[in-house]
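Trainee:
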Amino acid sequence: MTHKIAILGASGYTGAELVRLIATHPSMEIVALAANSKAGMAYEDVFPHLRHLALPDLVKIEEIDFDNVDLVFCGLPHATSQSVIKALPKSVKVVDLSADFRLRDPEEYVKWYGGQHDALECQAEAVYGLTEFYRDDIKNARLVAGTGCNAATGQYALRPLIEAGVIDLDQIILDLKCAVSGAGRSLKENLLHAELSEGYHPYAIGGTHRHLGEFDQEFSAIAGRPVKVQFTPHLVPANRGILATVYVQGDAQAIYDTLQKTYADETFIQVLPFGKVPSTRHVRGSNFCHIGVSGDRIEGRAIVTAALDNLTKGSSGQALQNANLMLGEEENAGLMLAPCFP
Numbered sequence: 001m002t003h004k005i006a007i008l009g010a011s012g013y014t015g016a017e018l019v020r021l022i023a024t025h026p027s028m029e030i031v032a033l034a035a036n037s038k039a040g041m042a043y044e045d046v047f048p049h050l051r052h053l054a055l056p057d058l059v060k061i062e063e064i065d066f067d068n069v070d071l072v073f074c075g076l077p078h079a080t081s082q083s084v085i086k087a088l089p090k091s092v093k094v095v096d097l098s099a100d101f102r103l104r105d106p107e108e109y110v111k112w113y114g115g116q117h118d119a120l121e122c123q124a125e126a127v128y129g130l131t132e133f134y135r136d137d138i139k140n141a142r143l144v145a146g147t148g149c150n151a152a153t154g155q156y157a158l159r160p161l162i163e164a165g166v167i168d169l170d171q172i173i174l175d176l177k178c179a180v181s182g183a184g185r186s187l188k189e190n191l192l193h194a195e196l197s198e199g200y201h202p203y204a205i206g207g208t209h210r211h212l213g214e215f216d217q218e219f220s221a222i223a224g225r226p227v228k229v230q231f232t233p234h235l236v237p238a239n240r241g242i243l244a245t246v247y248v249q250g251d252a253q254a255i256y257d258t259l260q261k262t263y264a265d266e267t268f269i270q271v272l273p274f275g276k277v278p279s280t281r282h283v284r285g286s287n288f289c290h291i292g293v294s295g296d297r298i299e300g301r302a303i304v305t306a307a308l309d310n311l312t313k314g315s316s317g318q319a320l321q322n323a324n325l326m327l328g329e330e331e332n333a334g335l336m337l338a339p340c341f342p
């Protein structure tokens with residue numbers, strides 16, 4: 001069976017990544033690509049690296065006949081996404097890559113995103129899209145909310161440890177290095193080459209980053225009590241990748257054993273041998289996440305490191321992984337591309 005796919009927001013980085021991945025999928029066909037600002041353009045004129053594919057031209061969302069669509073990937077900005085998804089036919093499955101349906105509490109959405117949610121009925125049915133931990137719910141979902149890329153990286157490192165009780169929940173420091181594509185494709189002065197290259201800098205200092213809403217929601221639910229991590233992201237002059245360095249209190253061997261046991265049967269989560277550390281260059285362009293555990297010179301402390309590609313496992317690859325479950329396909333279909341190195 002061939003599934004008919006539409007991608008909304010197809011002129012962004014996550015849209016292009018979806019097209020790249022779906023091109024290798026055995027049972028998906030892209031029937032519509034929407035990008036209102038570039039409607040009427042051939043896709044190869046927006047992304048020349050995909051000119052070898054036979055793709056429909058870009059159109060406006062209202063021009064798409066959703067009766068001919070099985071599943072929609074929505075790569076629109078938050079606030080825009082909710083109004084568009086609310087208007088889609090209920091017969092269409094949706095994977096949203098924005099932040100609009102990640103937070104279950106509407107008041108938390110107001111807190112972190114600064115505006116009232118306009119699609120509360122959809123928000124109530126949305127399933128959080130961290131595939132390895134919500135797999136059964138995702139299989140039966142109509143609407144799946146993709147995680148934030150930073151939020152995914154931190155959770156892969158920490159969720160099993162919180163659940164197993166092998167770390168001090170009040171002593172978690174999460175330091176992330178994030179590539180520039182995570183900020184999207186829109187023109188921004190601080191992302192110009194001359195502004196960004198040859199240095200890196202922290203941002204959202206002191207607990208203001210929006211992905212903290214996801215950490216608070218997920219970690220507190222696992223622990224059964226409030227858990228707040230100390231989190232600082234850093235923007236690095238690289239195109240792709242996130243590297244998380246997580247400082248925790250607990251026995252390093254117990255932490256390693258917990259992660260290894262949790263992910264032993266997971267295709268896309270690879271726990272490295274004890275003491276080995278991951279690198280973003282080793283997961284680039286892939287749907288894999290590499291996790292390492294090291295002991296610290298201070299007794300009773302450990303360092304957990306995790307690396308993934310923010311556009312693939314952190315966003316579009318995760319979205320395709322979830323879509324496969326929603327459509328009854330093999331979970332890894334279209335996603336077994338090896339990382340690109342060097």
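Residue numbering for the sequence shown follows the UniProt record's numbering, starting at 1 and increasing by one per position.
All C-beta atoms in this analysis are idealised placements derived from N, C-alpha and C, irrespective of residue type, glycine included.
(1) Please state whether DSSP places residue 343 in a helix, a strand or coil.
(2) State the Cα-Cα distance for the pair residue 116 and residue 84, rounded to the nearest angstrom.
(3) Any contact between the stretch 290-297 and the stretch 123-143? By contact I mean 3 or more CB pairs, one from each, below 8 Å.
(4) Taking all protein chains shown into account, decide if residue 40 is buried (16 or more other Cβ within 10 angstroms of its Cβ) or exposed.
(5) With distances taken Cα to Cα, identify the nearest neighbour of residue 307 among 278, 188, 327.
(6) Kindly indicate which three-state DSSP category residue 136 falls into: helix, strand or coil?
(7) Measure the C-alpha to C-alpha separation of residue 232 and residue 206 and round it to an integer number of angstroms.
(8) Leaving aside the five residues before and after residue 211 along the sequence, list all residues of the same chain whose C-beta is less than 6 Å from its C-beta, in chain order.
(9) Using DSSP with H/G/I as helix, E/B as strand and the rest coil, what is residue 28?
(10) Who are the near neighbours of residue 81 in its chain, counting only those whose CB is closer than 6 Å to its CB and skipping five residues on each side?
(11) With residue 47 as the anchor, note down where its beta strand (DSSP E) starts and where it stops.
(12) Hey, could you find the ends of the beta strand (DSSP E) residue 235 is sitting in?
(13) Between the alpha carbons of residue 69 and residue 11, how many angstroms are there, rounded?
(14) I'd like to check one pair, residue 235 with residue 193: are the Cβ atoms closer than 9 Å?
(15) Taking three-plus beta-carbon pairs below 8 Å as touching, is the stretch 266-284 in contact with the stretch 241-252?
(16) First and last residue of the alpha helix (DSSP H) that includes residue 247?
(17) From what residue to what residue does the alpha helix (DSSP H) around residue 255 run?
(18) Quick check: the Cα distance between residue 171 and residue 215, rounded to an integer number of angstroms?
(19) Taking the beta strand (DSSP E) that residue 7 falls in, what are its first and last residues?
(20) Between which residues of its own chain and residue 137 is the CB-CB distance below 6 Å, once the five residues before and five after are set aside?
Mentor: Short version:
(1) Nothing can be reported for residue 343, as the shown portion of the chain is limited to 1 through 342.
(2) 15 Å
(3) Contact between the stretch 290-297 and the stretch 123-143 is absent, because fewer than three Cβ pairs lie under 8 Å.
(4) exposed
(5) 278
(6) helix
(7) 7 Å
(8) Contacts found: 148, 150, 151.
(9) Looking at residue 28 - three-state DSSP - the assignment turns out to be strand.
(10) 74, 96, 98, 100
(11) That residue, residue 47, is in no beta strand (DSSP E); it is neither H nor E in DSSP.
(12) That run of the beta strand (DSSP E) goes 230-236.
(13) 19 Å
(14) no
(15) yes
(16) Looking at the DSSP string, residue 247 is not in any alpha helix (DSSP H); the run it does join, the beta strand (DSSP E), is 242-249.
(17) 252-262
(18) 14 Å
(19) In the DSSP assignment, residue 7 falls within the unbroken beta strand (DSSP E) covering 3-8.
(20) 127
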